[in-house]
Amino acid sequence: MRLWWSFTLLLAQNVLQWDLRYHDDPARDTVHLWSFAQLTDVHIGENQGDYGTPGYTDTLMGAEEGYSVEALRNALRWLKQNWQSEKLAFVVVTGDLTDSGERSEYLRFRALMDSAGLPYLPLIGNHDVWPYVSTSNEAVYAWGDSLAAAFFADVYQSFAQRVSAWEGASLTYSVPNPETGFRSRFHNFSFVYGGLRFVGVDGVSRQPAPFGQAGVGPQADLHDFPGGTIRFLDTLLSAAQPLPLIFFCHYPLLNSPVSGANSFSPQEYDRIVSLLYLHRSQVRVWIAGHLHRQADYPITNRATGETFGRCVETPANKDAVQGQFRLFRVWGDASQASDLAYYPNPKTEPLRYRLWTLTGQLLYEGSRPPSFSDWPEGVYLLQEETAQGFRVRAFFMTGMR
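Right, here's the structure in full:
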């Protein structure tokens, strides 16, 4: 199974669009099934000095404004107005929610996101993990990861109820970080929605910024130690069922000899790409921000010269007053879009389906029947939801085309 892709820009709304397609033949995927949105680099508090009340463990003085607030508000307004027509399911914000990790900046970001009433999932960036006001007024170490995890704990819990196979255990505890001598809480997660597996990757360094600057630097880190990011990915990808993979990370996968200045070093790039390469038939797209630019390029295995999947960078939302973000539209065929109706059925919400292996592993849960041709050869059990709960609809055998 492949997801074909295409890219367009909806200039009137400053909305970038990227299309995911389920099958080998793009002509087959003529039905827009659903969408999700990516916002990135919001930077609440940028160029506003000591945001909110004095200090970085502060609160708001009122409804603080600024261009980053206006841009986020405008982006959320467009998303809310077009939620139904674009068949949106959720929004992922890929880091730099705040400009300096101040508590007041987190408060303002959350107030804006919550006011829109849209399901969203925040991922931290380098500006979020080391709270500071200035070089002379900053935290002793990068404990903003724990602040963010506590701040959004109920957001994660609510989001987990909307998807299946949620894995976010690392958000609930910190681990010793041998690179800093302190503890870190890594924001790595995964979930399944609409037959796709989504993976959140915490590549944020916890090292102090160079040259006496405040906060952490712009470089990325795989955190190769117990509880760290690369080991999370290795364990997840080794155990997960063969679904298409969509990655969210603040940092792009830059194939450059100087990539370590603003992303993963060449050595870490090779490490993570070699891991993804083992699952290259499943890897579809690595979705990032950080560099505040629009870019779209294949992921390259430098050892073999092969390319697979795509890396897509989205510009900073705060850099356009009307806001800017990306819509990912998922396309399939008519059979995937069909919803069965049963009578009598007092349920007004969409029916749900579950696909299981005979050993009891849940492979899929969603509001549309799974495409049977998309699974490896084997015997499966399909359940459908009725007014009385889930019931077995069929046993069937299938194989890859």
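Residues are numbered in the numbering used here as their position in the sequence shown, beginning at 1, plus a constant of 50.
Just so it is clear, CB atoms sit at the ideal spot from N, CA and C, and this is done for glycine as well.
Tell me, please, whether the region 325-339 touches the region 143-162 by the rule of three or more beta-carbon pairs shorter than 8 Å.
yes
Give a yes or no on whether the C-beta atoms belonging to Arg235 and Pro226 are separated by under 8 Å.
Translated into the one-based positions of the sequence shown, residue 235 becomes position 185. Translated into the one-based positions of the sequence shown, residue 226 becomes position 176. In this structure, Pro226 does not lie closer than 8 Å to Arg235 by Cβ.
Cβ of His329 within 8 Å of Cβ of Leu303?
Position 279 of the sequence shown, counting from 1, holds the residue named residue 329. Position 253 of the sequence shown, counting from 1, holds the residue named residue 303. Not a contact, by the Cβ cut-off of 8 Å.
Does any CB atom of chain C fall closer than 8 Å to the CB of Val81?
Absent from the structure: chain C. Only one protein chain is present.
DSSP state of Pro396, grouped into three classes?
For the purposes of this step, residue 396 is taken as the residue at position 346 of the sequence shown. Its pLDDT being 45, under 50, Pro396 is placed unreliably in this model, and the coordinates cannot settle the point.
Suppose contacts are defined by Cβ-Cβ distances below 8 Å. Is Val456 in contact with Val179 by that definition?
With the chain represented from 51 up to 451, any question about residue 456 goes unanswered, as that position is not in the structure.
Check Pro226 in the structure and name its three-state DSSP category.
Against the sequence shown, residue 226 aligns to sequence position 176. Correct three-state label for Pro226: strand.
What does the Cβ neighbour count give for Phe261, buried or exposed, with the cut at 16 atoms within 10 Å?
What you label residue 261 is simply residue 211 of the sequence shown in a count that begins at 1. Looking at its Cβ environment, which holds fewer than 16 other Cβ atoms inside 10 Å, Phe261 is exposed.
One question on the structure: do Ala87 and Leu138 come within less than 8 Å of each other, judged by their Cβ atoms?
Here residue 87 refers to the residue found at position 37 when the sequence shown is read from its first residue. Here residue 138 refers to the residue found at position 88 when the sequence shown is read from its first residue. Yes, the pair counts as a contact, with Cβ atoms nearer than the cut-off.
Excluding the 5 residues preceding and the 5 following Ala166 in the sequence, name in chain order all residues of the same chain whose CB lies nearer than 6 Å to its CB.
Here residue 166 corresponds to residue number 116 of the sequence shown, with the count starting at 1. Excluding sequence neighbours, Ala166 sits near Leu126 and Lys130.
Just to confirm, are Thr148 and Thr364 a CB contact at a threshold of 8 Å?
Your numbering for residue 148 matches position 98 in the sequence shown. Your numbering for residue 364 matches position 314 in the sequence shown. No, these two residues do not count as a Cβ contact at 8 Å.
Could you give the distance in angstroms between the alpha-carbon of Leu413 and the alpha-carbon of Glu434?
Counted from its first residue, the sequence shown places residue 413 at position 363. Counted from its first residue, the sequence shown places residue 434 at position 384. Distance between the alpha carbons of Leu413 and Glu434 is about 14 Å.
Across which residues does DSSP place Pro292 in a beta bridge pair?
Sequence index remark: in the sequence shown, residue 292 carries index 242 (1-based). Beta-bridge pairing links Pro292 to no other residue.
Classify Phe314 as helix, strand or coil using the three-state DSSP reduction.
Locating residue 314 in the sequence shown gives position 264, counting from the first residue. It is coil, neither helix nor strand.
Would you call the region 239-259 and the region 154-161 touching, i.e. three or more CB-CB distances under 8 Å?
Not touching, per the Cβ criterion.
Please state whether DSSP places Glu363 in a helix, a strand or coil.
Against the sequence shown, residue 363 aligns to sequence position 313. The answer is strand: DSSP assigns Glu363 an E or B state.
Where do the ends of the alpha helix (DSSP H) carrying Asp164 lie?
By one-based count along the sequence shown, residue 164 stands at place 114. Its alpha helix (DSSP H) spans residues Arg153 to Ala166.
Go through its chain and collect everything with a Cβ distance to Phe202's Cβ below 7 Å, but skip five positions before and after it.
Within the sequence shown, residue 202 is the residue found at index 152, counting from 1. Cβ within range, chain order: Pro172.
Taking the C-alpha atoms as reference points, what is the distance between Gln269 and Ser255?
Along the sequence shown, read from residue 1 onward, the residue named residue 269 stands at position 219. Along the sequence shown, read from residue 1 onward, the residue named residue 255 stands at position 205. Rounded to whole angstroms, the gap between the alpha carbons of Gln269 and Ser255 is 7 Å.
Sorted by chain position, which residues of the same chain lie with C-beta nearer than 7 Å to Arg368's C-beta, five sequence neighbours on each side aside?
On the sequence shown, position 318 is the one that residue 368 refers to. At residue 368 the sequence reads Lys, which differs from the Arg that was named. Asp91, Val92, His93, Glu96, Tyr117, Ser118 and Ala121, listed in sequence order.
For Pro258, does the three-state DSSP call read helix, strand or coil?
For this step, residue 258 is matched to residue 208 along the sequence shown. Strand, per DSSP.
On the DSSP letters alone, give me the boundaries of the alpha helix (DSSP H) that Phe201 sits inside.
Start at 1 with the first residue of the sequence shown, and residue 201 comes out as number 151. Gly194 to Phe201 is the extent of the alpha helix (DSSP H) around Phe201.
Nearest-angstrom Cα distance between Arg153 and Leu272?
Position 103 of the sequence shown, counted from the first residue, corresponds to residue 153. Position 222 of the sequence shown, counted from the first residue, corresponds to residue 272. Rounded to whole angstroms, Arg153 to Leu272 spans 26 Å at the Cα level.
Report the rounded CA-to-CA distance for Gln372 versus Asn124, giving the unit in angstroms.
In the sequence shown, the residue the question calls residue 372 occupies position 322. In the sequence shown, the residue the question calls residue 124 occupies position 74. As the crow flies, the alpha-carbon of Gln372 is around 5 Å from that of Asn124.
Is the Cβ-Cβ distance between Leu293 and Leu325 less than 8 Å?
Along the sequence shown, one-based indexing puts residue 293 at 243. Along the sequence shown, one-based indexing puts residue 325 at 275. Contact: no.
Consult DSSP for Asp69 and reduce its assignment to one of helix, strand or coil.
Within the sequence shown, residue 69 is the residue found at index 19, counting from 1. Three-state result, Asp69: strand.
Which residues does DSSP pair with Gly244 in a beta bridge?
Here residue 244 is taken as the residue at index 194 of the sequence shown, counted from 1. Note: Gly244 sits in no beta bridge, so no partner.
In terms of residues, what are the limits of the alpha helix (DSSP H) holding Tyr414?
Within the sequence shown, residue 414 is the residue found at index 364, counting from 1. No alpha helix (DSSP H) contains Tyr414, which is instead part of the beta strand (DSSP E) from Leu412 to Gly416.
To the nearest angstrom, report how far apart Glu229 and Phe275 are at their CA atoms.
Stepping through the sequence shown from its first residue, residue 229 is reached at position 179. Stepping through the sequence shown from its first residue, residue 275 is reached at position 225. Cα to Cα, the separation comes out at about 9 Å.
Where do the ends of the beta strand (DSSP E) carrying Ala270 lie?
Walking along the sequence shown from the start, residue 270 turns up at place 220. Looking at the DSSP string, Ala270 is not in any beta strand (DSSP E), and its letter there is neither H nor E.
Using a 10 Å radius around the Cβ and a threshold of 16 neighbouring Cβ atoms, would you call Ala391 buried or exposed?
Taking the first residue of the sequence shown as position 1, residue 391 is located at position 341. In this prediction, Ala391 scores a pLDDT of 37, lower than 50, which makes its location untrustworthy; no coordinate-derived value is stated.
With DSSP as the reference, identify every bridge partner of Ile478, one or two as the case may be.
Only positions 51 to 451 of the chain appear in this structure, which leaves residue 478 out of reach.
Just verifying my parser: in three-state terms, what is the DSSP assignment at His457?
Within the shown structure, residues of the chain are numbered from 51 to 451, placing residue 457 beyond reach of any answer.
Taking the alpha-carbon positions, what's the Pro76 to Phe248 distance?
Indexing the sequence shown from 1 puts residue 76 at position 26. Indexing the sequence shown from 1 puts residue 248 at position 198. So the alpha carbons of these two residues sit roughly 22 Å apart.
Measuring alpha carbon to alpha carbon, tell me which residue in Ala215, Val333, Asp195 and Leu83 is nearest Tyr223.
Position 173 of the sequence shown, counted from the start, is the residue given in the question as residue 223. Selected option, being the one with the closest Cα: Asp195.
Beta-carbon separation of Thr357 and Ala264 under 8 Å?
Translated into positions along the sequence shown, residue 357 becomes position 307. Translated into positions along the sequence shown, residue 264 becomes position 214. Taking 8 Å as the cut-off, the Cβ atoms of Thr357 and Ala264 do not count as close.
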